[in-house]
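Enquirer: Per the numbering used here, the very first residue in the sequence shown carries number 65; after that it's consecutive.
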Amino acid sequence: MKKSDSENIIPFILSVTAFHVITYFIAGIIASSVFNYKQLFALPIIADYFKPTESQTVYLGPLIQIIRGLLFGLVLLPFRQFLKANKNGWLLLWSVFLVFGIINTPAASPASIEGIIYTKLPLWFHLIGMPEIVLQTLVFSLLVHRKLCPENYRVPKYLTAVIDSFAATCISFFGYTIISILFAFAAKADIDQTEVNIKVLGQFIAPLAATFICAMTGTGKIILKHFVLYAVSALSILIYGKTILASAELLYALSAPILPVTISFLLMNRKRKNGDVLKKQPNTD
C-alpha cells in the first residue's frame, strides 16, 4: 500500500500542476476579455499596483504558473488521504482557498480584507476580480478531488475522452507559449498585446485542433501519430505566417511544434503505460 502510494506522488503533483495551469489561464482569458484588463490596469492608482498587460515580464506568466502548480501539488501531498476520505473534500479544499488564499490573506492583496482596509485600490476593483479567482479555485478544487476519488465523479467514457484530450491540448499549448516567448526575447520584440490576441494566436488553431484529434484517436501508433502531428503543425504555422501574418519564419515554424508535440507524446505514452498496467492487474472480484 505504501509503495503504491509513493508511486502516485509524481502523477499527483503533475496532475495538480496541470489543473492549476489550465484553470488559471482559461479563467484569466475569459476575465481579461470581459473586463478588458489592458484598459483596467492602466487606470490611475491601479496602474501603480499592476504592471501593464503588454509588459514583457507578463509573458513569463506560463512559466511562473507551472512553478506555482508544482508548489500546490507538493503542499497538497500530505492531505491526499484526508481529502479522499471526505465526500465533500472539494469543498474543504475550496474553503481553504477562499479563506487563506483570497479573503483572509496575510498580505494586503486585492479582494482581501487587509487589501480593502490598507490599500488605495477602490472597492469596486476588489470586487471585480472576485468572480475569476473564486470560480477558478472552485474548478481547481473539484478537479483535484476528482483525481483523488474518480469513483465519485462517474462520467460517460466518451466525455472522459473529450475532457482528457482537451486537457492534453491545453497543456501542449504551453509549449507554444514557451517557444514563442523565447523567440520574442531573442528578437527583443516590442509585442503589442492586441496583435498577440487576435492575429498571432490564430496560427495555433490548426496545430491545437490536430493535437486534440491526435489525443482522441487513442494510444496506438503514437510515434507515427506524433511525426504526422509535427508535420501538420509546422506546415500550418508556416502557411498561416505567409498568408495572414505576412512574415513567415521557417525557423520558427520548424521549432515551435517541437515542445508541444513532445508534451503530447509524453502524455499519450504515459496514458498507454497506465492502460497496460491496468490490463495486467488480476481481477480479484
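Note that the Cβ used here is the ideal one computed from N, Cα and C, for glycine as well.
Could you give the distance in angstroms between the alpha-carbon of LEU315 and the alpha-carbon of LEU302?
Expert: 9 Å
Enquirer: Go ahead and pull the three-state DSSP assignment for THR233.
Expert: THR233 sits in a helix when the DSSP states are folded into three classes.
Enquirer: For TRP188, count neighbouring Cβ atoms within 10 angstroms of its own Cβ and tell me buried if that reaches 16, exposed if not.
Expert: Counting Cβ neighbours within 10 Å, TRP188 comes out exposed, since fewer than 16 surround it.
Enquirer: Count the other CB atoms, across all protein chains shown, that sit within 10 Å of the CB of THR258; report buried if there are 16 or more and exposed otherwise.
Expert: The predicted model places THR258 with a pLDDT of 42, which falls under 50 and marks its position as unreliable; any figure quoted below should be read in that light. THR258 sits exposed, since fewer than 16 C-beta atoms from the chains shown fall within 10 Å of its C-beta.
Enquirer: Buried or exposed: where does SER79 fall if 16 or more other Cβ atoms within 10 Å of its Cβ makes it buried?
Expert: buried
Enquirer: In three-state DSSP terms, what is CYS278?
Expert: CYS278 falls in the helix class under three-state DSSP.
Enquirer: Does the segment 268 to 283 come close enough to the segment 225 to 240 that 3 or more CB-CB pairs lie under 8 Å?
Expert: yes
Enquirer: Quick check: the Cα distance between LEU342 and GLY125, rounded to an integer number of angstroms?
Expert: Interpretation of LEU342 is limited by its pLDDT of 44, a score under 50 that renders its predicted location unreliable; the figure taken from the coordinates is listed afterwards. Roughly 37 Å between the two C-alpha positions.
Enquirer: Quick check on this structure: which residue in CYS234, PRO214 and MET332 has the alpha carbon closest to the alpha carbon of ILE93?
Expert: CYS234
Enquirer: Mind reading off the beta-carbon distance from PHE289 to CYS278? Whole number of angstroms is fine, and I expect it under 8 Å.
Expert: Reading off the sequence shown, one finds Lys at residue 289, where the question assumed Phe. Their Cβ separation, rounded to whole angstroms, is 5 Å, which keeps LYS289 and CYS278 in contact under 8 Å.
Enquirer: Identify whether PRO220 lies in helix, strand or coil by the three-state DSSP scheme.
Expert: coil
Enquirer: Could you name the residues of the same chain whose beta carbon sits closer than 6 Å to that of TRP154, not counting the 5 residues immediately before and after it, in chain order?
Expert: SER205, LEU206 and HIS209
Enquirer: Quick one: using the 10 Å Cβ neighbour count with 16 as the cut-off for buried, is THR307 buried or exposed?
Expert: exposed
Enquirer: With C-beta atoms as the reference, is PRO324 less than 8 Å away from GLY266?
Expert: no
Enquirer: Which term fits LYS337, buried or exposed, when burial requires 16 or more other beta carbons within 10 angstroms of its beta carbon?
Expert: exposed
Enquirer: Between LYS184 and PRO220, what straight-line distance do the alpha-carbon atoms span, to the nearest angstrom?
Expert: 50 Å
Enquirer: Let's test the definition: count the other Cβ atoms within 10 Å of the Cβ of ASP256 and tell me whether it reaches 16, buried, or not, exposed.
Expert: For ASP256, the predicted structure reports a pLDDT of 48, less than 50, and the residue's modelled location is therefore unreliable. The matter cannot be settled from this model.
Enquirer: Can you give me the C-alpha to C-alpha distance between LEU272 and ILE86, rounded to a whole angstrom?
Expert: 14 Å
Enquirer: Quick one, are the C-beta atoms of ALA320 and SER244 less than 8 Å apart?
Expert: yes
Enquirer: Can you give me the Cβ contacts of SER311 inside the same chain, cut-off strictly under 8 Å, excluding the 5 residues immediately before and after it?
Expert: GLY305
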